[in-house]
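Chemist: Below: one structure in structure tokens.
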Amino acid sequence: MEEAAPEAVRRSTPGIVAPPENNAGSVGSLFNSGTTNSTTLGLLGGSVIVTVQLANPAGSGRTLYVSRFSGGITVSLNLLSSFSGSMILSANGTLASPSTLTPVNSNLSSTNISVAAVRFSTSAPSGATTLMTLALQAGPFSSNVFGSYVVPPGQSINLTVSGSLTVGGLLASTAYFAWWEV
């Protein structure tokens, strides 16, 4: 039969628990990327959309774990207007006229580069499978998911942020991913 540790020892040796991002950042495996689409809308208003796609190329040999997705909608109205906003998290799909974003390593002294292909578009992806949809108010949002969304080789995840006004004003939509790679 094992003896219990003395009370003084139990109090002086607490367990330490940290999210995986702490270690991923230390070893240079935590990356970030995102962008903003900003437009001044005319008198009839309109929508401003941005989609960021985090893709893990087939044969990459790594798996991507989403740490956080965030973004927001900034509104500067010229006139009284009706505002609506949404965020859609989706899997796979195709972006129309995508542009490339460069992933940034969170460990500023690391020379590690990401295997991810990060792209953005000013429209929603076609053929994507919706994972989550949320209505948004103007302002920022952030969701720490701590690796709950896993992107294996040959798969992708998209974050689409859309804002709409019924009359003129400046509208900006921002989408951002943080992830680690193993």
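In terms of full-length UniProt numbering, the sequence shown has 44 at position 44, counting the first letter as 1, and numbering is strictly consecutive.
Built from N, CA and C at the ideal position, the CB exists for glycine as well.
Below 8 Å, how does it come out for the stretch 34–50 and the stretch 90–98: are there three or more Cβ pairs, yes or no?
Modeler: No, the stretch 34–50 is not in contact with the stretch 90–98.
Chemist: Buried or exposed for ALA58, going by 16 or more other Cβ atoms inside 10 Å?
Modeler: By the neighbour-count rule (16 or more Cβ atoms within 10 Å), ALA58 is not buried but exposed.
Chemist: Using alpha carbons as the reference points, say which of ASN32, PRO20, VAL182 lies closest to SER106.
Modeler: Answer by Cα proximity: ASN32.
Chemist: Could you check what DSSP says for THR13 in three-state terms: helix, strand or coil?
Modeler: For THR13, the predicted structure reports a pLDDT of 49, less than 50, and the residue's modelled location is therefore unreliable. The matter cannot be settled from this model.
Chemist: Just to confirm before moving on: does the CB-CB distance between GLY71 and THR174 stay below 7 Å?
Modeler: Yes. Within cutoff.
Chemist: Could you check whether the stretch 104–123 touches the stretch 137–145, counting it as contact only if at least three pairs of C-beta atoms, one from each stretch, sit closer than 8 Å?
Modeler: No, the stretch 104–123 is not in contact with the stretch 137–145.
Chemist: In chain order, what residues of the same chain lie with their CB nearer than 6 Å to the CB of ASN37, ignoring the 5 residues before and after it?
Modeler: So the qualifying residues of the chain are VAL48, VAL50, THR122, SER173.
Chemist: As a quick exercise: from PHE141, VAL167, VAL115, pick the residue whose alpha carbon is nearest that of GLY154.
Modeler: Considering only alpha carbons, the answer is VAL115.
Chemist: Would the beta-carbon of THR166 fall within 7 Å of that of SER82?
Modeler: Contact flag set, yes.
Chemist: Skipping 5 residues on each side, what residues in its chain have a beta carbon closer than 6 Å to that of THR13?
Modeler: For THR13, the pLDDT reaches just 49, beneath the cut-off of 50, and the residue's location in the model is therefore unreliable, leaving the point undetermined.
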